[in-house]
Amino acid sequence: MPPRKDRKGLNEASGFLPTELLRTAEPIPVAPIQPAPEPKHHDGHRDRLRDRFADAGATALADYELLELVLFRSIPRRDVKPIAKALLQRFGTLEDVLNAPTHLLQEVDGMGRSSALDLRIIAALLQRTIRSGLRSREVLSSWSAVIDYCYAAMAHETREQFRVLFLDKKNALIADEVQQTGTVDHTPVYPREIIRRALELSACALVLVHNHPSGDPSPSNADIEMTKIIVDTCRPLGITVHDHLIIGRNGHTSFKSLRLM
1 MPPRKDRKGL NEASGFLPTE LLRTAEPIPV APIQPAPEPK HHDGHRDRLR DRFADAGATA
61 LADYELLELV LFRSIPRRDV KPIAKALLQR FGTLEDVLNA PTHLLQEVDG MGRSSALDLR
121 IIAALLQRTI RSGLRSREVL SSWSAVIDYC YAAMAHETRE QFRVLFLDKK NALIADEVQQ
181 TGTVDHTPVY PREIIRRALE LSACALVLVH NHPSGDPSPS NADIEMTKII VDTCRPLGIT
241 VHDHLIIGRN GHTSFKSLRL M
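So for the sequence shown, UniProt numbering puts the first residue at 1; every next one is plus one.
What follows is the structure in structure tokens.
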């Protein structure tokens, strides 16, 4: 009869650890299984959209696609097409999107503070571009550019602003300044302050501008009376008031065209 082997020997011979050691052995760490990365379909879309813009220009792209091109840099790792379409659905037009307040832009899913500020920066650049063109031209001969600038600068403001364009003797722009900012339907205007600033700048002529956040550019009786006071105050000092413009989202009104001054 073969000699009997003890349990320890069997365990060692068979390669198994004793029960006591199994209880005290450190668990072997197992690396978690990483899911396969999802394909980034929007990466190829971004390249194709950039190529279309480079080859054919902006006219080949829809409004939401132009917005995508801007958002690519603000939101680098996300499909921005749904965001661009949501912005247009929320605000209406490209112009409305660019001029929307930052806090409202951030209410759109996927828009953060940085991406909202990027859109507002583009709107500011557009305004500066139009205004810089006015400085090199005689304002009265570039009246459409004046309207475009005032519309870009004021039509989407949520509070009334009273703005004055100060002109030199050749009707070139010296300065463009917001004199007062008021409420949604009223701005206090101080003719004495306008005259004081005109004299400081040696301005020979003015264009008065204010906005109506309601969108309707029709002048009120208070607008008409205030304009008359400013014109009458400027006349003895040799300062000409060429016009008073009211800017609304739905258009503009010219006091001179309406023969109100």
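Every residue gets a Cβ at the ideal spot worked out from N, C-alpha and C, and that includes glycine.
Please read all numbers here as calculations on a predicted model, not as lab measurements.
Spanning the alpha carbons of C204 and A222 requires a straight line of approximately 25 Å. Short of 7 Å from the beta carbon of I230, and not among the five residues preceding or following it, lie these beta carbons of its own chain, in chain order: P191, I194, L208 and V241. Remark: C-beta atoms of A86 and L71 do not approach each other more closely than 8 Å. Secondary-structure assignment with DSSP links H244 through a beta bridge to L208. Within the model, the alpha-carbon separation for L94 versus E107 is close to 17 Å.
A residue is called buried when at least 16 other Cβ atoms come within 10 angstroms of its Cβ; I246 meets this threshold and is buried. For H252, the pairing in a beta bridge is given by DSSP as I247. DSSP places I174 within a strand segment (E or B) once states are collapsed to three. According to the DSSP assignment, Q161 belongs to no alpha helix (DSSP H) but to the beta strand (DSSP E) extending over Q161 to L167.
Judged by pairs of C-beta atoms under 8 Å, the stretch 94 to 105 does not touch the stretch 161 to 174, as fewer than three such pairs exist. For T59, there is no enclosing alpha helix (DSSP H), since its DSSP letter is neither H nor E. The count of Cβ pairs closer than 8 Å, one atom from the stretch 158 to 165 and one from the stretch 174 to 188, reaches three, so the stretches are in contact.
When P213, H252 and V80 are compared, the shortest CA-CA separation from W143 is found for H252. Within the same chain, and ignoring the five residues on either side of L117 in sequence, the residues whose Cβ sits closer than 7 Å to its Cβ are T102. Taking a C-beta distance under 8 Å as the contact criterion, V164 and L206 qualify as a contact pair.
By the neighbour-count criterion, in which a residue is buried when 16 or more other Cβ atoms sit within 10 angstroms of its Cβ, L67 is buried.
Assignment of beta-bridge partners to T181 by DSSP yields Q161.
Secondary-structure assignment with DSSP links E193 through no beta bridge to anything. Here the C-alpha atom of F53 lies approximately 7 Å from the C-alpha atom of A60.
Taking R46 as reference, the option from A56, A58, V80 and D63 with the minimal CA-CA separation is V80.
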